[in-house]
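Anchor point for the sequence shown: position 6 equals 6 in UniProt numbering, and the numbering is continuous, going up by one each time.
Think of the CB as a built atom: it goes at the ideal place given N, C-alpha and C, for glycine as much as any other residue.
Worksheet: the structure to be examined is printed underneath.
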Amino acid sequence: MAPEKTEPESGDEAANASTVSIDNNTSVSSETTEREPYFEPLVHLPEVKVKTNEEDEAELLKMRCKLFRYYNQEAPAEWKERGTGDVRLIMRQDKTLKIRANHYITPFMELKPSCNSDRAFVWSSAADFADEEIKQETFAVRFANSDRM
């Protein structure tokens with residue numbers, strides 16, 4: 001036996017709710033079946049402002065990008081994504097605000113266009129501390145488009 005849908009006759013509240021009859025003894029209101037569940041959080045966490053000590057610095061350039069590092073410890077060597085965020089000589093990963101790149105620009109650093117993309121650049125860093133040990137790394141940064149480069 002197929003369920004029958006009946007509409008209420010009048011009233012604003014009654015007009016918004018409809019009743020589906022499953023059989024002669026059981027009916028379900030569609031108003032109660034369309035509600036979204038609400039779960040009370042077990043712990044209330046306040047929003048915490050993160051102080052980065054960069055608040056008083058002047059930004060010369062800030063662009064959204066992805067940062068990659070060249071991983072050659074295992075074969076085959078490959079580019080591994082380190083994070084997505086705004087690059088400005090320091091890069092913090094979105095949401096976690098973890099520092100993924102923080103480099104001084106020196107006359108000895110060579111920023112080269114990537115051979116694979118017109119919106120990517122490659123450079124080497126003598127000392128990278130992101131993995132909590134000092135090591136030389138090669139990085140690539142890829143931007144969303146090449147309009148501003």
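Among the options, which one has its Cα closest to the Cα of residue i?
i	options	result
residue 81	70, 87, 54	70
residue 147	78, 83, 119, 65	119
residue 63	131, 43, 84	84
Enumerate in chain order the residues of its own chain whose CB-to-CB distance from residue i is below 8 Å, with the five nearest sequence positions on each side excluded.
i	result
residue 97	50, 52
residue 112	121, 122, 123
Would you mind sorting residue i into buried or exposed? The rule is 16 or more other CB atoms within 10 Å of its CB.
i	result
residue 137	buried
Return yes when at least one heavy atom of the ligand SAH lies under 8 Å from the C-beta of residue i, else no.
i	result
residue 94	Because no ligand of any kind appears in the structure shown, any question about the ligand SAH cannot be addressed here.
Do the CB positions of residue i and residue j come within less than 9 Å of each other?
i	j	result
residue 109	residue 102	no
residue 114	residue 142	yes
residue 67	residue 144	no
residue 75	residue 99	no
What's the gap between the Cα of residue i and the Cα of residue j?
i	j	result
residue 77	residue 135	16 Å
residue 94	residue 57	19 Å
residue 36	residue 133	48 Å
residue 126	residue 39	50 Å
residue 107	residue 45	46 Å
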